[in-house]
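Trainee: Residue numbering for the sequence shown follows our numbering, starting at 278 and increasing by one per position. Glycine included, each C-beta is placed from N, C-alpha and C at the ideal position.
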Amino acid sequence: RFSWWLNDNFKIHGLYARSFRAPTFNDLYWPREESFWEGVSVGGMEGNLNLSPEKAESCEFGVSTYFFKALWTDVTYFRNRAEGLIIWNPDANGWWRPENVSTAIIQGMELSTDFVIWERLKANFNYTLLYAKDKDTKKWLVYRPRHQYKLNLNYKTENDWTYDFAWRYVTKRFVDKDNLDSLGHYWVADASISKKFCDIWEFQISAKNLFDQDYEEEEGYPMPGTQVLTSLKCEF
């Protein structure tokens, strides 16, 4: 890994690494669990004792810039080549098992920007462009969206109130290794308000899935609708 400041406002950075990952206990020994819907089998999950370890090479290169101390931007290209990547895939009957992908290529670009809109209002924007395929079959890897967008806004008042808003958008994801089925795109937003008092106390009220979007991150598992949560923290 390296990082080099060319001047006060411009930096380049990079990384090269090799990695090895053995199958987890769950990958190997997950007990056979069958699921039923109205008395009919709809598949299930089980481990795979024939898995091989993953071996991977990773590299990335990026540039970071600062403008007038109010705008920071980083653009990074990354590429991972994995031999024997372990992925849980469903078969035609709905059975999920881990298996090795002979050669997987995962590459793309990440853009991250932090900027001060005005003194107490800050924003962060992230975008990821991804290419993730099985090199042999040319099929897209499961649950790997091509595009992801994230936006965060943070506003702090003089009397210790903090307002946060987070939004993300995810494009479609294939849910099977043959790329016949996919989950559609979705967007979701969260928000929170917090207040510090007496130096050690913080009260927060937050809303998850603020606009009650109907979406799934994994097929067959709908995410909760709007949730309102409160918390009280004390730090000594």
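For the stretch 404 to 484, which segments carrying the beta strand (DSSP E) assignment without a break, of at least 3 residues, lie completely within its bounds, in sequence order?
Mentor: 424 to 433, 438 to 447, 463 to 474
Trainee: Could you tell me if residue 377 is buried or exposed, where buried requires 16 or more neighbouring beta carbons within 10 angstroms of its beta carbon?
Mentor: Against the sequence shown, residue 377 aligns to sequence position 100. So residue 377 ends up on the buried side.
Trainee: Starting from residue 302, trace the alpha helix (DSSP H) both ways and give me its first and last residue.
Mentor: As a working mapping, residue 302 is identified with position 25 in the sequence shown. That run of the alpha helix (DSSP H) goes 302 to 306.
Trainee: Hey, is the stretch 440 to 458 in contact with the stretch 415 to 431, meaning 3+ C-beta pairs nearer than 8 Å?
Mentor: Yes, the stretch 440 to 458 touches the stretch 415 to 431.
Trainee: Rounded to a whole number of angstroms, what is the C-alpha to C-alpha distance between residue 428 and residue 387?
Mentor: Within the sequence shown, residue 428 is the residue found at index 151, counting from 1. Within the sequence shown, residue 387 is the residue found at index 110, counting from 1. C-alpha separation (whole angstroms): 14 Å.
Trainee: Is residue 363 buried or exposed, if buried means 16 or more other CB atoms sit within 10 Å of its CB?
Mentor: One-based indexing of the sequence shown puts residue 363 at position 86. That one is buried.
Trainee: Applying the criterion that 16 or more other CB atoms from any shown protein chain within 10 Å of the CB defines a buried residue, is residue 539 buried or exposed?
Mentor: Given a span of 278 to 513 for the chain in the structure shown, any question on residue 539 remains unanswerable.
Trainee: Identify the residues that DSSP records as bridge partners of residue 507: which are they?
Mentor: Here residue 507 is taken as the residue at index 230 of the sequence shown, counted from 1. Paired residues: 482.
Trainee: Evaluate contact between the stretch 403 to 410 and the stretch 369 to 384, counting only Cβ atoms and requiring at least three cross-stretch pairs below 8 Å.
Mentor: yes
Trainee: Applying the criterion that 16 or more other CB atoms from any shown protein chain within 10 Å of the CB defines a buried residue, is residue 509 buried or exposed?
Mentor: Here residue 509 refers to the residue found at position 232 when the sequence shown is read from its first residue. Flag for residue 509 reads exposed.
Trainee: Going by DSSP, what residue range makes up the beta strand (DSSP E) through residue 391?
Mentor: Within the sequence shown, the letter at position 114 stands for residue 391. Counting along the chain, the beta strand (DSSP E) containing residue 391 begins and ends at 372 to 395.
Trainee: Please report how far the alpha carbon of residue 498 lies from the alpha carbon of residue 367, in whole angstroms.
Mentor: By one-based count along the sequence shown, residue 498 stands at place 221. By one-based count along the sequence shown, residue 367 stands at place 90. The straight-line gap separating the alpha-carbon atoms of residue 498 and residue 367 is approximately 14 Å.
Trainee: Report the residue from 343, 302, 297 whose alpha carbon sits nearest the alpha carbon of residue 285.
Mentor: Along the sequence shown, read from residue 1 onward, the residue named residue 285 stands at position 8. Among 343, 302, 297, the Cα nearest to that of residue 285 is on 343.
Trainee: Could you tell me the alpha carbon to alpha carbon distance between residue 480 and residue 511, rounded to whole angstroms?
Mentor: Residue 480 sits at position 203 when you count from the first residue of the sequence shown. Residue 511 sits at position 234 when you count from the first residue of the sequence shown. The straight-line gap from Cα to Cα measures roughly 9 Å.
Trainee: Taking Cβ to Cβ, would you say residue 438 is nearer than 7 Å to residue 416?
Mentor: The count along the sequence shown starts at 1 and reaches residue 438 at position 161. The count along the sequence shown starts at 1 and reaches residue 416 at position 139. No, these two residues do not count as a Cβ contact at 7 Å.
Trainee: How big is the Cα-Cα spacing for residue 358 and residue 335?
Mentor: Position 81 of the sequence shown holds residue 358. Position 58 of the sequence shown holds residue 335. Each residue's alpha carbon lies about 7 Å from the other.
Trainee: Could you check how far apart the C-beta atoms of residue 465 and residue 484 are, in whole angstroms? I think they sit under 8 Å.
Mentor: To locate residue 465, count along the sequence shown from 1; it is residue 188. To locate residue 484, count along the sequence shown from 1; it is residue 207. Not really, about 11 Å apart at Cβ, beyond 8 Å.
Trainee: The beta strand (DSSP E) spanning residue 497 covers which residue range?
Mentor: Position 220 of the sequence shown holds residue 497. Bounds of any beta strand (DSSP E) do not take in residue 497, whose DSSP letter is neither H nor E.
Trainee: Measure from the alpha carbon of residue 322 to the alpha carbon of each residue in 491, 444, 302, 372, then state which is nearest.
Mentor: As a position in the sequence shown, residue 322 is number 45, starting the count at 1. Selected option, being the one with the closest Cα: 372.
Trainee: In whole angstroms, what separates the C-alpha of residue 444 from that of residue 394?
Mentor: Taking the first residue of the sequence shown as 1, we reach residue 444 at position 167. Taking the first residue of the sequence shown as 1, we reach residue 394 at position 117. Whole-angstrom Cα-Cα distance: 17 Å.
Trainee: Applying the 10 Å Cβ sphere with the 16-neighbour rule, what's the burial state of residue 331?
Mentor: Your numbering for residue 331 matches position 54 in the sequence shown. Classification for residue 331: buried.
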